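Below is one structure, written out as structure tokens; the observations come after it.
There are 2 protein chains.
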Amino acid sequence: MFRQGIISLLKFDPGLSVIGEAANGSELLKTLNSRQADVVLLDIQMPVMTGTQTLEVLRQRFPDPRVIMVSMEFNPSIVAMYFEKGAHGFIPKGCDVEVLVEAIYKVKENGNCYDLSTELAARLNKHSLENFENTYVLSSREVEVLRLACQGNSNKQIGHMLRIAERTVEFHKTNIYLKTGLKSLSDLIAYGIKNGLGSCN
Amino acid sequence: MFRQGIISLLKFDPGLSVIGEAANGSELLKTLNSRQADVVLLDIQMPVMTGTQTLEVLRQRFPDPRVIMVSMEFNPSIVAMYFEKGAHGFIPKGCDVEVLVEAIYKVKENGNCYDLSTELAARLNKHSLENFENTYVLSSREVEVLRLACQGNSNKQIGHMLRIAERTVEFHKTNIYLKTGLKSLSDLIAYGIKNGLGSCN
DNA sequence: ATTCAACCTGCGGTTTACCACAGGTTGAGT
DNA sequence: ACTCAACCTGTGGTAAACCGCAGGTTGAAT
């Protein structure tokens with residue numbers, strides 16, 4: 001329904017053409033086999049595959065199309081993480097469609113883009129980028145732990161899956177708590193789900 | 202963005218007119234003060250107020266307009282809960298817009314409506330409604346506990362807020378686990394968030 | 001070669017979540 | 001008066017999450 005809506009809105013812009021749509025990550029990959037895209041709009045909350053996983057596979061198998069993540073949330077820790085994984089843009093769903101159209105053009109011209117009206121831009125200029133990353137951005141290992149936690153696994157199970165000790169999972173979780181400022185497991189899960197780490201949402 | 206999309210799609214149907222839109226629950230209530238609506242489309246995942254809370258207040262203060270809940274998920278336990286709280290329709294976002302339009306007409310004519318292609322309809326006919334409810338549908342107390350849990354509160358905190366013993370919170374949680382078939386706290390939180398119980402998603 | 005960050009781990013110990021057992025209240029319906 | 005469902009609560013115990021302390025590895029950059 002969301003897809004139908006966005007597509008019908010994008011059709012109002014004569015400079016853009018929608019060459020395909022997909023209900024989930026694996027459909028997307030199939031579509032890209034037959035058609036070439038300049039820009040891919042990737043919803044973070046998807047069924048079948050998580051946004052993170054889809055992005056990873058997408059960048060590996062189809063390096064050409066540029067990617068804009070579309071999300072309900074806008075957390076610096078998460079936004080930066082998606083850029084590190086190869087995204088070129090990040091747009092919260094709260095934006096007007098005009099902003100989205102602008103972003104599509106910008107990203108198509110080899111630019112990067114995230115909603116500039118936000119605090120992140122300011123922070124990236126003020127403090128050194130590195131310091132910011134070490135303080136707020138989740139490492140890929142941490143994202144992995146968070147993802148598995150969001151999918152209902154216990155620390156022990158996560159440790160088993162990643163072939164690390166339960167203690168190490170706790171260690172990563174502690175760091176996630178520090179970086180995100182969250183305090184309870186409930187908050188952690190809620191945070192993860194809203195940011196697109198979840199089995200089949 | 203989602204709203205803009207839906208509205209542009211609904212405009213294609215000459216029998217419908219969109220008389221207003223709102224970004225969250227309290228905006229909705231303000232809008233209804235000045236304009237009368239036949240049907241309200243209420244997204245379950247909203248900022249500021251949860252879907253449940255908005256529905257409750259809406260039904261109290263504006264009993265006339267009929268309400269269709271729009272959600273990513275479709276869990277019998279939750280769907281039935283929303284009907285009990287006064288909703289008249291329930292549409293998953295995965296549906297085509299045609300289904301939504303159909304639903305709007307149906308609900309406007311004083312009918313109730315949920316996606317008939319689903320298992321729920323079958324179940325409601327087969328087993329007695331009462332048995333179904335006792336087995337699957339969350340009571341209002343249980344929903345309240347789940348909501349507070351999704352907002353990051355511990356059992357102790359929840360007990361404090363609802364003025365009941367911590368033990369009683371555990372009791373309700375156990376029942377939620379039984380009714381939903383979930384097993385871990387992570388699953389529980391994920392379930393709640395996806396179904397519109399969450400602080401400001 | 002050294003430094004540094006990210007990763008990994010073990011040993012306690014505390015807190016929180018959960019569960020089995022056992023029971024009390026209250027209000028609506030027969 | 002009785003039933004029944006939903007609600008509430010205590011005791012005591014297990015498992016899971018979390019935390020401080022203390023330390024080891026590895027790979028990339030200076």
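Order-wise, the sequence lines are chains A and B.
At position 83 of the first sequence the residue is numbered 83 (our numbering), and the sequence of numbers has no breaks.
Residues are numbered in our numbering as their position in the second sequence, beginning at 1, plus a constant of 201.
Think of the CB as a built atom: it goes at the ideal place given N, C-alpha and C, for glycine as much as any other residue.
Remember, predicted model here, so these are calculated numbers, not experimental data.
If you keep only unbroken beta strand (DSSP E) runs of at least 3 residues inside the segment 50-96 of chain A, you get 66-71 and 89-92. For D388 of chain B, the three-state secondary structure derived from DSSP is helix. The C-beta of G399 of chain B comes closer than 9 Å to at least one C-beta of chain A. Per DSSP, reduced to three states, the secondary structure at V137 of chain A is coil, with no helix or strand assignment.
In the DSSP annotation of this structure, L383 of chain B is not part of any beta strand (DSSP E), being labelled neither H nor E. About 47 Å separates the beta carbons of G159 of chain A and L210 of chain B, which is beyond the 8 Å limit, so they are not a contact pair. Within the same chain, and ignoring the five residues on either side of K194 of chain A in sequence, the residues whose Cβ sits closer than 7 Å to its Cβ are M72 and E73. Between V370 of chain B and N356 of chain B the beta-carbon gap is near 5 Å, inside 8 Å, which marks them as a contact. Under a criterion of Cβ atoms nearer than 8 Å, no residue of chain B is adjacent to F171 of chain A; the nearest Cβ is some 18 Å distant. Closer than 9 Å to the CB of G25 of chain A there is not a single CB belonging to chain B. In the DSSP assignment, D244 of chain B forms a beta bridge with B:V271. Under the Cβ distance rule, Q53 of chain A does not count among the residues neighbouring chain B, no pair being separated by less than 9 Å. Taking the beta carbon of V241 of chain B as reference, no residue of chain A falls within 8 Å; the closest one sits roughly 17 Å away. Excluding the 5 residues flanking it on each side, N24 of chain A has same chain C-beta neighbours closer than 7 Å at M46, P47, V48 and M49, in chain order. DSSP places L230 of chain B in the helix class (H, G or I) of the three-state scheme. When C-beta distances to chain B are compared with 9 Å, the residues of the segment 4-23 of chain A below that value are Q4, G5, I6, I7, S8, L9, F12 and A23, in chain order. Nearest C-alpha to L386 of chain B among B:R348, B:L363 and B:I365: B:R348. For M161 of chain A, the enclosing alpha helix (DSSP H) has its first and last residue at N155 to L162. Between I305 of chain B and L217 of chain B, the C-beta gap is smaller than 9 Å, which places the two residues in contact.
The C-beta distance from D239 of chain B to K309 of chain B rounds to 5 Å, short enough to fall under 8 Å. Look at the segment 149-165 of chain A: the residues with a C-beta under 8 Å from a C-beta of chain B are A149, C150, Q151, G152, N153 and S154.
When DSSP states are grouped into helix, strand and coil, L398 of chain B belongs to the coil group. Assigned with DSSP and collapsed to three states, V143 of chain A falls in helix. Residues of chain B with a Cβ closer than 9 Å to the Cβ of K179 of chain A do not exist; the shortest Cβ-Cβ separation is about 17 Å.
Only residues of its own chain outside the window of five on either side were considered, and among them L229 and T232 have a CB closer than 6 Å to the CB of A223 of chain B, listed in chain order.
Collapsing the DSSP output to three states places E109 of chain A in coil. With contacts defined as CB atoms closer than 9 Å, I269 of chain B and L301 of chain B qualify as a contacting pair. Listed along chain A, no residue sits closer than 9 Å to S278 of chain B by beta-carbon distance, the nearest being about 17 Å off. Listed along chain B are M202 and F203, each with a C-beta nearer than 8 Å to that of K93 of chain A. Any Cβ of chain A closer than 9 Å to the Cβ of K307 of chain B would place that residue at the interface, and such an atom is absent.
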